[in-house]
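Mind the numbering: the sequence shown is residues 0 to 256 in numbering that gives the first Met the number 0, read in order.
In what follows, a structure is listed as structure tokens, so that the remarks can point back to it.
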Amino acid sequence: MSMPITTPRLVSGTLAVCLGIGSLAGAATWQSDATLPGAKRYAFGARQGGTIYAIGGTPWVNGSDQDGTVYARSGGTWTELPPLDGMGAIIPLGGGVDDLGRIVMFGGIVLDNGEPGDNKVYDPIEGPQDTIADPSADAQPLGFAVATDDLGRLYWLGGGNGAGGGNSAHGERYTGSTDSWQTIADMPAAVAEACACFDGNGHVLVFGGFVANGSSRTADVKQYDVASNTWSDASVPDMPVAVSGARAVRGVDDRIY
Numbered sequence: 000m001s002m003p004i005t006t007p008r009l010v011s012g013t014l015a016v017c018l019g020i021g022s023l024a025g026a027a028t029w030q031s032d033a034t035l036p037g038a039k040r041y042a043f044g045a046r047q048g049g050t051i052y053a054i055g056g057t058p059w060v061n062g063s064d065q066d067g068t069v070y071a072r073s074g075g076t077w078t079e080l081p082p083l084d085g086m087g088a089i090i091p092l093g094g095g096v097d098d099l100g101r102i103v104m105f106g107g108i109v110l111d112n113g114e115p116g117d118n119k120v121y122d123p124i125e126g127p128q129d130t131i132a133d134p135s136a137d138a139q140p141l142g143f144a145v146a147t148d149d150l151g152r153l154y155w156l157g158g159g160n161g162a163g164g165g166n167s168a169h170g171e172r173y174t175g176s177t178d179s180w181q182t183i184a185d186m187p188a189a190v191a192e193a194c195a196c197f198d199g200n201g202h203v204l205v206f207g208g209f210v211a212n213g214s215s216r217t218a219d220v221k222q223y224d225v226a227s228n229t230w231s232d233a234s235v236p237d238m239p240v241a242v243s244g245a246r247a248v249r250g251v252d253d254r255i256y
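Written out as structure tokens, the structure reads:
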């Protein structure tokens, strides 16, 4: 099925948001890191062991196949790994490390035909490997947020056409050891192009995104309680600015950025 393509949108200005307790004054500084082998877009990040990966997206390789590239950072430098051979130009690609310790990739559409991308395991030596289970038809291939909980289960949250509307509150969770997706409770409100992160305390947080009809961005933070399979719209304060196309990560200080 052909679908419209949305791309990440830039938010005017620069915003850094931190959830945590206490003052950040003097607590942390930004530092330059090693440069990627090439400029990347539509990739996702994952950490497996002591290595950080930037998986999928530009620059496309293999000529007209336009397969995504993969970079790995270890020992302070980035190297190029086997690309996503045979998968085509998938945007946006999501994924993470599952409960079996594998890098798994899912979601997105193939640029040249609008069909859903393949959901696969990625091996840093061999490249794309086994196909994993597909989520239900309710999972949106565009604009979804991804998070991984403390049991290595990966979440596919919301999604849709972003500013184009038709956005979803649907959520699913992947468990690698059973190769299965489980539908979880719907979010309190539909969003697309939000970002998500596990808070280290039993919750998945979903930040911002475009509202259901795409008419505006939201500053809302939704909290999912993993144990009770319930959502709250009031447990975490709103962000100071509405955002979309952002990313969230939990730091070593247990704050979320």
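Glycine included, each C-beta is placed from N, C-alpha and C at the ideal position.
Being a predicted model, the structure only gives us computed values, none of them experimental.
Classification of residue i by the beta-carbon crowding that lies within 10 angstroms, buried from 16 upward
i              : result
leucine 153    : buried
glutamine 30   : exposed
aspartate 66   : buried
threonine 177  : exposed
asparagine 112 : exposed
glutamine 97   : Checking the displayed sequence, the identity of residue 97 turns out to be aspartate instead of glutamine. Buried: at least 16 other Cβ atoms inside 10 Å.
isoleucine 124 : exposed
valine 240     : exposed
glycine 74     : exposed
arginine 172   : buried
isoleucine 20  : Because isoleucine 20 sits at a pLDDT of 36, beneath the cut-off of 50, its placement in the model cannot be relied upon, and the point is left open.
Check: residue i C-beta below 7 Å from any heavy atom of the ligand GDP
i          : result
glycine 49 : With respect to small molecules bound, the structure shown includes none, and the ligand GDP cannot be examined in it.
Where residue i falls: helix, strand or coil (DSSP)
i              : result
valine 167     : The question names valine, but residue 167 is serine in the sequence shown. Strand, per DSSP.
aspartate 64   : helix
glycine 158    : strand
tryptophan 230 : strand
alanine 218    : coil
isoleucine 20  : Bear in mind that a pLDDT of 36 at isoleucine 20, under 50, signals an unreliable position, so the number given afterwards is only what the model happens to contain. Three-state result, isoleucine 20: coil.
valine 145     : strand
Residue range of the unbroken beta strand (DSSP E) whose run includes residue i
i            : result
lysine 119   : 119-122
glycine 44   : 43-47
aspartate 32 : Premise fails: aspartate 32 is in no beta strand (DSSP E) and is neither H nor E.
According to DSSP, residues forming a beta bridge with residue i
i              : result
methionine 104 : Gly94, Lys119
lysine 39      : Lysine 39 is not bridged to any residue.
alanine 191    : Phe209
Cβ pair residue i, residue j closer than 8 Å
i                 : j           : result
phenylalanine 143 : glycine 93  : yes
tryptophan 180    : alanine 136 : no
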